[in-house]
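S.K.: Let me begin by handing over the structure; questions about it come next.
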Amino acid sequence: MSALLLRHGRVIDPLSGVDQVLDVRISSGRILELGTDLQARAERVVEARDFWLLPGLVDLRCTARDEADLEGALKGGLTALLLTPESPRLVSHRLEVRHARPLTRELKGEELGEVPDGAVVLSNGFAPIVRGGVLRRALQYSRPLGSLVMVHPEDPTISARGLLGEGPTATRLGLLGVPAAAETSIVARDLEVLRSTGGRLHFSHLTCARSVELVREAKKQGLTVTCDVTAHHLTLDDTAANDFALLARVWPPLRSAADVAGLRAGLLDGTIDAIASDHQRVDALDLEHAFEESTPGIDAFAGFVKRVLSLQLPQRTLVELISTRPAALAGLGERRLSPDSRAEVTVIDPVKQAVHATITGGELRFLEGSTQP
Amino acid sequence: MALEGLARVDIERFLDRAQEYREGRVGGRHLLGRVVANVFYEASTRTRSSFEVAAASLGAHVLNWSLSGSSATKGETLVDTAKNIAALGVSVIVVRHQHSGAANLVANSVNVSVINAGDGQHEHPSQGLLDAFTLRRRWGSLDGRTVAIVGDVLHSRVARSNLHCLRALGATLVFCGPPTLLPTHLEAPGITVTTDLDRALDGADAVMMLRVQRERQAEALFPSPGEYHRRWGLTSARAAKLKADAVVLHPGPVNRGLELASEVADGNRSLILEQVENGVAVRKAILEAVS
């Protein structure tokens, strides 16, 4: 195991209440010490002046297919991933990969999926749970186990063949619109079910301002609900589909600027618990079909840090949304930069809004400008 | 590619040239020795034939690249197909596709001229131009005229092309149809939206009836053809109440007895056959402009 010294970086660690320029010494996979002007020993030094040292970023929702995706995640500053049940089983020694267990058998939304001991997150991936009764049973069953029930809120009979959030852009381009009610009606239904069952309910990738309002109200009333939004839904609105740009071919669909503003407000007041990437790699061939025929997805790892930094959130809030809280939800324990904690660190260049380095298990996995970290 | 964003002068230039073709003032074999490829992913007899006649009479050889179903089922991407056709050395690709934006994608992937002959629910520019041509020929100018566009506006590329084109030429538009078949956010200066057909027809100088696909009934968009005809069909009784010189258009093919009563389709207000006739002249002007 190598030893590392990260020098003169701004350490931002909400759990430890630290926000100051420090050196961080890493050895044997753990953080050894923090301090000012630590003397370099026989170890690799990473100059981090003007950079931020954050507890390693955690992605609460992404779809990874192979090693190439994992490589992309490390380059994107991510140190731990919670994969959707649509992802194949992946094992990595380079970063922490967790798999959400299927909430229902074959994600069909009919029978409950088996819950192995210690399963932290049960997810139905991109498959909607059309039958409210199934969600009710899932919440009831998982409650004593303490698992998080992660759902993609969509009524497919309302979204129908829609491709883009309902609005002037969808109308103009002749892309069938997806009414907000396709999402909000299920959020409302699921919250009412949760009210009667208890359990832990989590909404993935909310897109509507109204959904955020519903969750905000439910949290005020003490319901055990959490939610995430994606970095692209926070930074792109439906006009990104102009000229049929395939960047906008994502699911759930992009929505109006007012919805984007509603999501952003939910970040600041704590309604939204995490920003996820919802990465789904898009192959070159997918770009050779018309909008409707191309497979939805976004190469989200690459632009993740740039997008979240562009939100100009208070730094502490940002770190909570991309590291501390998703780590807790995914069952990864506390993400800290303090002596003896696991050395999971993301080094960010706030001026370039880019990842400078990614460290997992005490090893430098990615360093900007270096091909062999 | 699309009529959206086209300036009035540009549209008028097309219509003027089409007028010359229509009057037989220009003949010319501008496309002699060239190949025009008709690439139709979606069945269409009249648009394809119209382009074919227009291209042939300009001297071009017409290649009908027939496809059924989507490109995906053939294991070839749309871009692949387009590049293959372009590699044959054609001068113009005329493309019709069931998905919005397909023509843009083709145009962005090849180095030959591409004409959008209808893409999904997006636009059908040559239809928009021929409708404008037909009305201008009748009236001299569209300024101050009111055109009612009635039916399945939600799924209609004809409606979208007409929206941009007729409005640019100075007409006021009224969109009408069942609430389930009207898209959101259609309202704009110079555009009224209503579900009440009698209100839409009141004061209209022209009525454009859009084709309604019967399968929309299965999607719970309206209860029955009978009810559709009763509420949103142009019946003889409704046609009789139109302004004396008001005209009726339809992009074809007509569902007789559904959106349009037979007597109206064949009546003296109907410009439907003239639309077909004008279509060839307009498409000649388009082919000439792009090649």
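So the sequence lines, in the order shown, correspond to chains A and B. In case it helps, my numbering puts the first sequence at residues 6 to 378. In case it helps, my numbering puts the second sequence at residues 1474 to 1764. Every residue gets a Cβ at the ideal spot worked out from N, C-alpha and C, and that includes glycine.
(1) Under 7 Å, CB to CB, which of the residues in the segment 281-304 of chain A have a partner in chain B?
(2) Please state the DSSP three-state secondary structure of H1637 of chain B.
(3) What is the rounded straight-line gap between the Cα of L1778 of chain B and the Cα of T322 of chain A?
(4) Which same chain residues, not among the five before or five after A186 of chain A, have their C-beta less than 7 Å away from its C-beta?
(5) Listed in chain order, which residues of the segment 1570-1595 of chain B have Cβ atoms closer than 8 Å to some Cβ of chain A?
(6) 8 Å is my cut-off, CB to CB: does S1651 of chain B come that close to chain A?
(7) Residues of chain A with CB under 8 Å from P1656 of chain B, in chain order?
(8) Go ahead and pull the three-state DSSP assignment for L259 of chain A.
(9) Is the number of C-beta pairs between the segment 275-289 of chain A and the segment 219-233 of chain A that are closer than 8 Å three or more?
(10) When the Cβ atoms of the segment 1620-1639 of chain B are set against those of the segment 152-170 of chain A, are three or more pairs found closer than 8 Å?
(11) Find the nearest neighbour of L9 of chain A within the set A:V125, A:D18, A:I31, A:G22, judged by alpha-carbon distance.
(12) Is S1543 of chain B helix, strand or coil by DSSP?
(13) Under a Cβ-count criterion, where at least 16 other Cβ atoms within 10 Å of its own Cβ denotes burial, should Q1594 of chain B be classed as buried or exposed?
(14) Using a beta-carbon distance cut-off of less than 8 Å, what residues from the segment 247-259 of chain A approach chain B?
(15) Whose C-alpha, out of B:A1713, B:D1553, B:V1508, B:G1574, is nearest the C-alpha of V1535 of chain B?
(16) For I134 of chain A, name the three-state secondary structure that DSSP assigns.
(17) Less than 8 Å between C-beta atoms, sequence neighbours within five positions excluded: which residues of the same chain meet that for V356 of chain A?
(18) First and last residue of the beta strand (DSSP E) that includes G1663 of chain B?
(19) Sort B:S1735, B:N1728, B:E1736, B:M1474 by Cα distance to Q1600 of chain B and report the nearest one.
(20) In chain order, what residues of the same chain lie with their CB nearer than 7 Å to the CB of V310 of chain A, ignoring the 5 residues before and after it?
(21) Any Cβ of chain A within less than 8 Å of the Cβ of G1551 of chain B?
(22) Let me know if S1544 of chain B comes out buried or exposed under the rule of 16 or more other beta-carbons within 10 Å of its beta-carbon.
(23) DSSP state of R142 of chain A, grouped into three classes?
(24) Compare the Cα-Cα distances from A1673 of chain B to each of B:V1568, B:G1706, B:T1550 and report the closest residue.
(25) Taking the C-alpha atoms as reference points, what is the distance between A1734 of chain B and T1708 of chain B?
(26) Quick one, are the C-beta atoms of V1579 of chain B and V1565 of chain B less than 8 Å apart?
(27) Excluding sequence positions up to five away, which residues of its chain have a Cβ less than 6 Å from the Cβ of V1680 of chain B?
M.R.: The relevant details are as follows:
(1) L290, E293, H294, A295, F296, E297, E298
(2) helix
(3) Look at the range of chain B in this structure, 1474 to 1764, and you will see that residue 1778 of chain B is not part of it.
(4) I163
(5) H1570, H1572, S1573, G1574, A1575, N1577, L1578, S1582, D1592, G1593, Q1594, H1595
(6) According to the sequence provided, residue 1651 of chain B is Pro. The question's Ser does not apply to it. Taking Cβ atoms only, chain A never reaches closer than 8 Å to P1651 of chain B, which makes this a no.
(7) A175, T176, G182
(8) coil
(9) yes
(10) no
(11) A:I31
(12) Any reading at S1543 of chain B must be qualified, since the residue scores a pLDDT of 46, below 50, and its modelled position is unreliable; no value is offered.
(13) buried
(14) D248, F249
(15) B:V1508
(16) coil
(17) D55
(18) Run containing G1663 of chain B: none; DSSP gives neither H nor E here.
(19) B:M1474
(20) G81, G82, I353, Q358, A359, V360
(21) As written in the sequence, residue 1551 of chain B is Leu, which differs from the Gly given in the question. Closer than 8 Å to some Cβ of chain A, the Cβ of L1551 of chain B qualifies, so yes.
(22) At S1544 of chain B the pLDDT is 48, less than 50, meaning the model places this residue with poor confidence; the figure from the coordinates comes in the next sentence. Label assigned to S1544 of chain B: buried.
(23) helix
(24) B:G1706
(25) 5 Å
(26) no
(27) A1621, V1721
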